[in-house]
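Student:
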Amino acid sequence: MGNLQLVDKQATDSTPWIRNAYRGRLYGNITNHYTSITLLRVKRADKGSYTLEVITNPDRDRNSSTVEISVLYHPGVALNPLNATKAEGENTTWSCNATGNPEPTISWIFNASHTKTNNNPRIVFSRDRQKMTITSLSRKDSGEYKCIAINNLGNASQVASLDVTYQSKITTHPSNMTKREGENVTLHCNATGNPLPTLSWTKDGSDIANNHRISISEDKKQLAITIANREHRGGYLCVAHNEVGNDSLIIAILDVQFAPEISKHPRNITILKGENVIFRCSVVGNPTPSVVWKKNGKELDVTADSRLKLSSKKNNHSLEIAEVHFSDSGKYMCVANNSVSRSSSSAANLTVQYVPDPPKDFKVILRGSRSVNISWINGFNGNSAIQNYTVEISEDGQKFRDAICQGTLSVNACVIHTTRVSIKELFPWTIYYLRVFARNIIGSSNRSLIINVTTDEEVPSSAPPFNVTVVSSTAVNVSWKMLSKQDARGEIQGYYILYKRKNDPQLPWKNRTVNRKETTSKVVTSLKKFTSYEFAIQAFNNKDVSVKSDIIETKTDQDVPSAAPKLMSAEPKNSTSIELTWEPVLGRDLNGILTEYVIRYSHDKEERYREKPNSLSKVVINGLRASTNYSFKISAATIKGEGPQSEPKSATTKDPPIPPIPNDIGTSEVSVAFKPLQILSSGKEVRYYQVIVVQLRKGEGPGKSSDENYVRVIRKYEDRVAGEPYITAEFSNNNERRTTFPVGDGKYYSRKYHIEARRKRRAGFTEYLNGKLDDDTEYAVFQRSLSGPDDYQNEGFTQFTTRKMTELEPEDKTVIVIVVFIVLFIVFVVVVGGIVIVWLRGRRRSNENEVDEDIPMEDRGYDEVTNLEEKGRLKCHQYWPSEGTESYGDIKVTLVQTVELSEFTIRTMTLNHANNTEQRTVNQYHYTVWPDHGVPECPSSLLTFVRKASGANPPDAGPMVVHCSAGVGRTGTFIVVDAMLRRIAAEKTVDVYDYVTSLRQDRNLMVQVEEQYILIHDVLVEAIHSGFTEIHANDLRSHIKNLMQVNQTSGQSEMDEEFIRLGRCFSASQFTTQAANMACNATKNRYPNAFPYDETRVKLSVISGVEGSDYINANFIDGYMARRAFIATQAPIPDTIPDFWRMIWEQESSTIVMLSKETEGGKDQYEFIYSALSEYLDSFDAYSNF
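Residue numbering for the sequence shown follows this note's numbering, beginning at 324 and increasing consecutively.
(1) Cutting at 8 angstroms between CB atoms, please list the residues of its own chain near K871, excluding the five before and the five after it.
(2) Can you find the residues in the same chain that come closer than 6 angstroms, C-beta to C-beta, to V837, ignoring five residues on each side of it along the sequence?
(3) Can you find the residues in the same chain that come closer than 6 angstroms, C-beta to C-beta, to T422, ignoring five residues on each side of it along the sequence?
(4) DSSP state of W699, grouped into three classes?
(5) So what does DSSP say about D1097, is it helix, strand or coil?
(6) Using only alpha-carbon positions, find the residue among T456, C470 and M805 that is nearest to A435.
(7) Assuming D1098 and T1125 form a contact by the criterion Cβ under 8 angstroms, report the distance between their Cβ atoms to the nearest whole angstrom.
(8) Are the beta-carbon atoms of I957 and I922 separated by less than 7 angstroms?
(9) For the stretch 558 to 576 and the stretch 664 to 681, state whether three or more C-beta atom pairs, one from each stretch, are separated by less than 8 angstroms.
(10) Flag V607 as yes if its beta-carbon sits less than 7 angstroms from any beta-carbon of chain D, otherwise no.
(11) For V1300, does the three-state DSSP call read helix, strand or coil?
(12) Quick one: what does DSSP say F853 is sitting in, helix, strand or coil?
(13) Looking only at C-alpha atoms, which of D369, A1346, F685 and D1301 sits nearest to D1441?
(14) Since T1062 and A1103 are thought to touch, with beta carbons under 8 angstroms apart, how far apart are those beta carbons, to the nearest angstrom?
(15) Smallest Cα separation from S1361: which of Q1371, V1344, R1038 and G1374?
(16) Nearest by alpha-carbon distance to I1460: which of T1372, E1418, R1043 and T1406 is it?
(17) Count the other CB atoms within 10 Å of the CB of M455; is the residue buried (16 or more) or exposed (fewer)?
(18) With respect to the alpha helix (DSSP H) encompassing D1341, which residues constitute its N-terminal and C-terminal limits?
(19) I'd like the span of the beta strand (DSSP E) that includes P398, first residue to last.
(20) Going by beta carbon distance, what residues of the same chain come within less than 8 angstroms of D978, once the five residues before and after it are set aside?
(21) Do you know offhand how far N591's Cα is from G702's?
(22) Once you ignore the five residues that flank G1295 on each side, which residues in its own chain have a CB closer than 6 angstroms to its CB?
(23) Helix, strand or coil, according to DSSP, for V993 in the structure here?
(24) Apply the 10 Å Cβ neighbour rule to H640 and answer buried if 16 or more other Cβ atoms are within range, or exposed otherwise.
(25) Between the beta-carbon of V1009 and the beta-carbon of S1108, is there less than 7 angstroms?
(26) Out of curiosity, what's the CA-to-CA distance linking D680 and S694?
(27) Residues in the same chain with beta-carbon distance under 8 angstroms from V1140, minus the five sequence neighbours each way, listed in chain order, please.
(28) Once you ignore the five residues that flank P1282 on each side, which residues in its own chain have a CB closer than 7 angstroms to its CB?
(29) Counting only the same chain and skipping the five closest in sequence on each side, list residues whose C-beta sits under 6 angstroms from that of H926.
(30) Taking 7 angstroms as the threshold (C-beta atoms), are A1437 and A1289 in contact?
(31) Residues in the same chain with beta-carbon distance under 7 angstroms from S529, minus the five sequence neighbours each way, listed in chain order, please.
(32) Could you name each continuous beta strand (DSSP E) segment of 3 residues or more that falls completely within the stretch 464 to 550, going from the start of the chain to the end?
(33) Opposite S844 in the DSSP bridges: which residues?
(34) Should N343 go down as buried or exposed, given a rule of 16 or more other Cβ atoms within 10 Å for buried?
(35) Looking only at its own chain, which residues have a Cβ that is under 8 angstroms from the Cβ of S1110, when we skip the five neighbours before and after it?
(36) Between the Cα of K366 and the Cα atoms of S796, S393 and S698, which residue gives the shortest distance?
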């Protein structure tokens, strides 16, 4: 540093110097004069501004002058910190405080190399480079860092050191090694780290110390094992550690291998044959040795013998032999082998002890009927002496018992000590099965082979039990049971059947020999009919014949008589009876017990009369037709049937008495004599009467009432034809007392009641109009008294000629007009009424007498025996409303009431016609329990339904409408049951076959299947509690039993054959179905094989311009007591529902019977009939019918 002088010539002594704004005297190295200051040995602290301030006037004005002084000096450096220790990954910063003037530049040197920021991105300098920061230190950053400051006066520097520490890291790992026992082992390890790590060794997690076998080098980098053994096996780990962290990542495995060693040897074993044995040995070795087993020095092949089984668990090995036998005896050892060497165990002996083998050459050496001798020889004794034997015996080869004690003692108590024995107390001719077994100290042998022996025969001890069954009138069947072994005592060769007539004790026994031992019956033929015999039997075998059995008495069956009674005479008694006399059949020809005589007589058809036997041998045949020749034959009968018929005899009934000629003959009405007959000549009660009229042609007479054209009269007055008879009246015998009958009185007559013609009502029976006769016309009239349609008695003709009509008086004409008006009114009410029971009283005048009549107006009904749906098929489209009112064409149907019962439903509906004010009531009886297939299980169910539905039908209603689905099967069943119930009530007879035949003439397929035909019989049996075709009701049950018996020739029952005959009784081809087959009607038929016959089909009123409008698939069906009592129809389909209701209306039907469900077999059988009735009666005028 030099000196510095500052001079200001203007300054005065009083002028102060100011340094760096400091006023005052300057001290230190500054010599202060007023005009100058001198700086001695200038130093850096002297730098700054120096100002001289001069005051120039009294006002103390001030002037100043300033000079800046800058002091130059060498650089100086202060580095902080000088020494630093940091862990790897941390950051560190150095501050280098440099001084000097001029200001020095700063640079950094690392380990004598200049450090620049672009050389190492982790080194960051401050702007003036006086700070240096190193981020994420690494071990390479350790060293000396120098900070250098330089200006034009010189330079200065200072050095700082950095020590970066890091975790230990093993650089050389010990490797896995495999050595054999006795070899040396050396393991190496090295590591890096700061501070320098120390090394240590562990084995299997435990520290290792030096010993006589293991040595570790001083730097711990090497571990040496001298003469390694199996105890040195394990995992060796070198661990490096310093204060930062340790490293011990990889374990070195030392595997010391050694030869196998047997630690446990198999032991000697003694065992019984058939038991299981196990040999065991324990083996150690490395590598793990494989173990095999040897028997007698030869390796065992366990795959070749399923009894051998090897198992291993860790070091333990075993050999199991199942069910050992003698061949398994020997020396067994286990052999262990690995890559080092092989080792074998000591040998273990297996000794097998077992029971002896069964005896052999077992045979019979002698036999009798009650004993056999047997012998045998020993089999192998099983290495043990035989102690004894046991013999077993059996009769079936399955269940054996001890042969010596016969099961009375235990097996061990009946032993045999020799090789032969005699078996006693046996049965003759019996197969025995024998076997033997031996015993030693171990146990019993298996049984020997079985031998069988049959003991000798003896005479049978008894005859077989037998029975005698009558086969026919000349044969019996003798059957017997096979003798048991104990009784046969040998092989039965045959039998002797002994027999003789009981009433001839002196006659020897006859013998029928049966030489076939397997036969157990014999038919003995050529016997006398209806004769008592004694029978016995014997059995014989090869020894002899058994004793004779007990005697059985039996009598051959009855047969039909072999001769006929002799018909002696046939004499007429009156117009309806003939007396017959005859001689009975001789006893030798009767062949049984006489049960009856059968008399056949015929005129136009054969009839039968049965007479119980009596001592008179004569009979009067009543109920014959007057003036008729009959031919008679007679036969005798037993329970087996009729014998031959006699030669015929003929006789003619007398003419009937001629009734008196009537004296009250008018122009249109005649009062004829009437005979109130109560009992027919046949003895049957008169149930009703008919009055039959014939208008005679000129010049012709009526003939006789027994003539052919009068046999079956069905014509009515409305259909009268001259010369042909017609029924003018029919009425019930209600204890009839009248003696005259007014022919032509204009009334309707039926078996229910009679009413005026113009006040006609429909009755439950056929109505006949007793119509007015023509004036001046010749007529013949006769009376017929009836018990049934074919059982009647005619009276003689009354013949007369009506008077000729004269002109009526005006007053009479007026009366006629009044009568017509009143009758028209009454008929209108009858047609239009019907909601409830209505009683209308009308008055008419006839023959000046007043007559009051009450006319009942009753509800209508119909029956339905089909469910709407059966088995998923719609079987009936619903044709009635579910509730309320529905219109079907011109007809409005209202559901009034529904009563649902367990087996059927009753629906009450009212009908109103669009063109009529009348309201009618219809009851529908719907049978709901008829199954999809088959018939109702309980006949009483259907019986109850039929009675309920039929009983509800008003007697004055139109035909009862019955339908199921097709209107043939179930419909026919219902109709037949109803008709037969009425017939039973009326006549006590049943003729199902004939009535079904009649039905099928009205409508095809009626009673469609055999189950329905059988059901009819079952229902009728249920109705009358009992069972040819026409039978008494009380015989129905036995009749069904006979029908169900199978004909041995045909293989079918009579019921089967009778039902088949239904299809043969008439040919359906004789009935035409033209209307049904018309193209316009084809779609109206539900089924292609159920068409209505043209002759009996229901014809609807014709709708003008509509082709086929009169057609509906329906037929009139005759009942038993009335014609057209039913209408059989199919269930309506959508297009025919209006036609169905038109038919109900037009036929005045009040009852519908439904016999199926709505759906059967997945098909819809009915439609909702509320939606489609066709138009009916375009106009309806109550008076248009009159």
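Where is the CB? At the ideal position from N, CA and C, for every residue including glycine.
All values reported here derive from a predicted model rather than from experimental measurement.
Tutor: For this structure:
(1) A786, L821, A859, I860 and Q861
(2) G817, Y818 and K845
(3) G399
(4) strand
(5) coil
(6) C470
(7) 5 angstroms
(8) yes
(9) no
(10) Although the question refers to chain D, the structure presented lacks it and comprises just one protein chain.
(11) helix
(12) coil
(13) D1301
(14) That belief does not hold up - the Cβ atoms of T1062 and A1103 are roughly 19 angstroms apart, past 8 angstroms.
(15) V1344
(16) T1406
(17) buried
(18) E1333 to I1347
(19) Y396 to N403
(20) S898, A949, S950, K1027 and G1119
(21) 29 angstroms
(22) L1322, M1329 and V1330
(23) strand
(24) buried
(25) yes
(26) 27 angstroms
(27) With a pLDDT of 29 at V1140, under the threshold of 50, the modelled position of that residue is not reliable, and no figure is offered here.
(28) F1439, R1447, A1448, F1449, I1450, Q1470 and S1472
(29) T951 and Y953
(30) no
(31) none
(32) 466 to 474, 477 to 495, 500 to 503, 508 to 511, 513 to 517, 521 to 526, 537 to 539 and 545 to 548
(33) S802
(34) exposed
(35) L1003, S1005, K1007, E1008, V1009, R1010 and E1310
(36) S393
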